[in-house]
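S.K.: Quick one: the structure is below, and I'll ask about it shortly.
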Amino acid sequence: MLKFYNFDIVFQEIPDETTLAVNLTNCPNHCKGCHSPHLWADTGTPLEEESLKTLLIPYINGITCFCFMGGDAEPEAVNHLAGLLRNLYPKLKIGWYSGRNEIVPEIKFSNFDYIKVGPYQEEEGSLKSSTTNQHLYKILSSGEKLDITSKFWRH
Ligand code: SF4
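54 is the number of the first residue of the sequence shown in my numbering; add one for each residue after it.
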């Protein structure tokens, strides 16, 4: 089961969106230099259909996007909850931050508007670095993905 450590309203993780970002635990990637090693353990508050709906209620009118931060140990659960949000709130953008190098097949593009891939690699830097190995894709209605990583470099 997916579990989360905390959540926050953020403005930089997804460009041009006001995002409710939920930090999921049980991260299997264990990147060297990880800024959030507290997210490695399988602990936290369960995130499933009912708790996700409850979590969103106070924020839904003030956000434009919801982002799953992590969840690589259970991508099918991330995809399932993204699909639930898609049906409940069709205008809400949905994002996923994955630490994998590729988008795994469990992920259905139509459930997402943004997907970030790539582990953190100290020598290449975060998304804010023009040498980063990570990519943020915007998922287009055609199902194609547009690399918008360079949006992080202009600010
Ligand atoms: S994916 Fe993120 S949380 Fe997981 S180990 Fe890498 S930097 Fe840390």
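The C-beta atom is built at its ideal place from N, Cα and C for all residues, glycine as well. Keep in mind the model is a prediction, meaning the values are calculated, not measured.
1) If we require 3 or more residues per run, which beta strand (DSSP E) segments fall completely within the segment 143-186?
2) Return yes when at least one heavy atom of the ligand SF4 lies under 7 Å from the C-beta of Cys84, else no.
3) DSSP has Met54 in a bridge; who is on the other side?
4) For Leu138, which three-state DSSP category applies?
5) Does Tyr112 pass the burial test, meaning 16 or more other C-beta atoms within 10 Å, or should it be called exposed?
6) According to DSSP, which residues form a beta bridge with Leu92?
7) Would you mind sorting Gln187 into buried or exposed? The rule is 16 or more other CB atoms within 10 Å of its CB.
8) Could you tell me which whole beta strand (DSSP E) segments of length 3 or greater appear in the segment 56-122?
9) Going by the CB atoms, is the gap between Asn76 and Asp95 shorter than 8 Å?
10) Apart from the five residues just before and just after Lys161, which ones in its own chain have a Cβ nearer than 6 Å to its Cβ?
11) What is the rounded straight-line gap between the Cα of Ser104 and the Cα of Gly124?
12) Where Lys86 and Glu175 are concerned, what is the direct C-alpha to C-alpha distance, given to the nearest angstrom?
13) Please state if the CB of Phe119 and the CB of Ile156 are separated by a distance shorter than 8 Å.
14) Which two residues bound the contiguous beta strand (DSSP E) that contains Asp125?
15) Tell me, which residues are paired with Ile201 by DSSP?
M.R.: Quick look at the numbers:
1) Secondary structure remark: continuous beta strand (DSSP E) runs of at least 3 residues inside the segment 143-186, in chain order: 146-150, 167-170.
2) Using a cutoff of 7 Å, the CB of Cys84 counts as near the ligand SF4, since one of the ligand's heavy atoms is closer than that.
3) The partner list for Met54 (beta bridge, DSSP) is empty, contrary to what the question assumes.
4) If DSSP states are grouped into helix, strand and coil, Leu138 belongs with the helices.
5) By the neighbour-count criterion, in which a residue is buried when 16 or more other Cβ atoms sit within 10 angstroms of its Cβ, Tyr112 is exposed.
6) None; Leu92 has no bridge partner.
7) Label assigned to Gln187: buried.
8) Qualifying beta strand (DSSP E) stretches, in chain order: 56-63, 72-77, 118-122.
9) Contact: no.
10) So the list reads Asn132, once near-sequence residues are dropped.
11) Computed Cα separation, rounded: 16 Å.
12) In the sequence on display, residue 86 carries Gly and not Lys. About 6 Å.
13) No, the pair does not count as a contact, with Cβ atoms beyond the cut-off.
14) From DSSP, Asp125 is part of no beta strand (DSSP E); its letter is neither H nor E.
15) Looking at the DSSP assignment, Ile201 forms no beta bridge with any residue, so it has no partner.
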